[in-house]
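Enquirer: Numbering (our numbering), first residue to last: 95 to 339. All residues carry an ideal CB built from backbone N, CA and C; glycine is no exception.
Put into structure tokens, the structure is as follows:
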């Protein structure tokens with residue numbers, strides 16, 4: 095009788111185990127499917143091989159301006175981006191210049207109505223800009239999350255050891271959103287190199303003193319690409335950066 099009861103109990107356990115196993119398999123498959131769907135709806139970019147930022151696509155797309163995320167970041171994401179760039183950086187070497195059709199709006203959509211003399215003048219101006227950028231590398235250095243006597247948790251960029259600049263962070267999914275003249279400070283489109291998207295742009299400002307002592311602010315941009323390129327972009331010129339740490 096005991097053996098019979100034991101066999102019945104064992105059979106019940108086997109049935110329960112089998113039923114639970116089937117349910118577990120179904121749940122596991124559901125989790126896998128959800129995970130795969132989530133991956134399809136997430137854009138990931140690893141900043142200089144360090145922190146990986148994952149952003150849901152529904153946060154990025156804008157019906158008017160297209161596929162980019164502009165300043166809609168949480169504090170954790172901002173910290174991850176900036177800590178990946180932690181250190182003191184110096185503008186190093188000339189790398190390239192934005193495409194002429196982006197730098198000069200009149201060249202963006204060349205047509206037969208634009209006189210050849212005007213085209214030539216704009217192209218000459220462009221060549222002068224490129225030569226000037228090559229021969230006049232900016233004497234600029236800046237600190238991110240690391241500078242003596244300052245708060246290392248600050249979400250600012252400390253420029254030339256003088257002042258904190260606020261930042262603006264933009265994530266762009268493809269170059270088609272960065273090829274308009276208005277976006278000369280937010281582009282990687284250059285005849286000198288090709289980069290992989292998505293791309294992060296961190297915009298800040300540089301203070302420049304003029305002869306009349308009036309302070310001028312010029313926009314600079316840090317360009318971080320999906321293939322781990324890191325450039326300093328100012329007035330259409332791209333420069334490489336040297337880590338001084």
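Taking C-beta to C-beta, are residue 189 and residue 333 nearer than 7 Å?
Expert: Yes, they are a contact pair.
Enquirer: Check whether the segment 265-278 and the segment 215-235 are in contact - that is, three or more C-beta pairs closer than 8 Å.
Expert: The segment 265-278, when compared against the segment 215-235, does not touch it at the 8 Å Cβ threshold.
Enquirer: Can you grab the Cα-Cα spacing for the pair residue 249 / residue 279, in whole Å?
Expert: Roughly 20 Å separates the two Cα atoms.
Enquirer: Under 8 Å: do the segment 167-177 and the segment 320-335 share three or more Cβ pairs, one atom per stretch?
Expert: They do not touch, by the three-pair rule.
Enquirer: Helix, strand or coil for residue 144? Go by DSSP, reduced to three states.
Expert: DSSP places residue 144 in coil when its eight states are reduced to three.
Enquirer: Could you check which residue in 302, 194, 156 and 161 has the C-alpha nearest to that of residue 293?
Expert: Residue 161 is the option with its Cα nearest to residue 293.
Enquirer: Which first and last residues belong to the beta strand (DSSP E) in which residue 263 is found?
Expert: From DSSP, the beta strand (DSSP E) with residue 263 extends over 262-266.
Enquirer: Classify residue 117: buried if its beta carbon has 16 or more other beta carbons within 10 angstroms, exposed otherwise.
Expert: Legend: pLDDT at residue 117 = 40, less than 50; position of this residue unreliable, value from coordinates given subsequently. Under this definition residue 117 is an exposed residue.
Enquirer: Cα separation between residue 252 and residue 152?
Expert: Rounded to the nearest angstrom, the two C-alpha atoms are 33 Å apart.
Enquirer: Quick one: what's got a C-beta closer than 7 Å to residue 281's C-beta in the same chain, skipping five residues either side?
Expert: Cβ within range, chain order: 192, 196, 272 and 273.
Enquirer: Compare the Cα-Cα distances from residue 223 to each of 198, 301 and 139 and report the closest residue.
Expert: Among 198, 301 and 139, the Cα nearest to that of residue 223 is on 198.
Enquirer: Can you check whether the CB of residue 295 is closer than 7 Å to the CB of residue 315?
Expert: Yes, the Cβ-Cβ distance between residue 315 and residue 295 is below 7 Å.
Enquirer: Quick one: grab the DSSP three-state call for residue 337.
Expert: Note: residue 337 maps to strand in three-state DSSP.
Enquirer: Tell me whether residue 260, by its Cβ, gets closer than 6 Å to a heavy atom of the ligand FMN.
Expert: For the ligand FMN, the structure offers nothing, since it holds no ligand at all.
Enquirer: Report buried or exposed for residue 143, applying the criterion of at least 16 other Cβ atoms within 10 angstroms of its Cβ.
Expert: Residue 143 is exposed by the Cβ-count criterion.
Enquirer: Specify the secondary structure class of residue 138 as computed by DSSP and reduced to three states.
Expert: Here residue 138 sits in strand by DSSP.
Enquirer: Pick out whichever of 287, 254 and 302 has its Cα sitting closest to the Cα of residue 338.
Expert: When each option's Cα is compared against that of residue 338, the closest is 254.
Enquirer: Since residue 311 sits in a beta bridge, which residues does DSSP pair it with?
Expert: Partner(s): 301.
Enquirer: Considering only residues of the same chain and omitting the five flanking positions on each side of residue 285, which have a CB-CB separation below 7 Å?
Expert: Same-chain partners within the cutoff: 193.
Enquirer: Going by DSSP, name the residue or residues bridged to residue 274.
Expert: Its beta-bridge partners do not exist; DSSP assigns none.
Enquirer: Where do the N-terminal and C-terminal ends of the beta strand (DSSP E) with residue 179 fall, by residue?
Expert: It is not in any beta strand (DSSP E) - residue 179 carries neither H nor E in the DSSP assignment.
Enquirer: Give me, in chain order, the residues of the same chain whose beta-carbon lies closer than 7 Å to that of residue 186; leave out the 5 immediate sequence neighbours on both sides.
Expert: Closer than 7 Å at Cβ, skipping near neighbours: 333, 334, 335 and 336.
Enquirer: For residue 155, which residues of its own chain have a beta-carbon under 6 Å away from its beta-carbon, when the five flanking residues on both sides are left out?
Expert: 161, listed in sequence order.
Enquirer: Determine which residues share a DSSP beta bridge with residue 161 and list them.
Expert: Looking at the DSSP assignment, residue 161 forms a beta bridge with 155.
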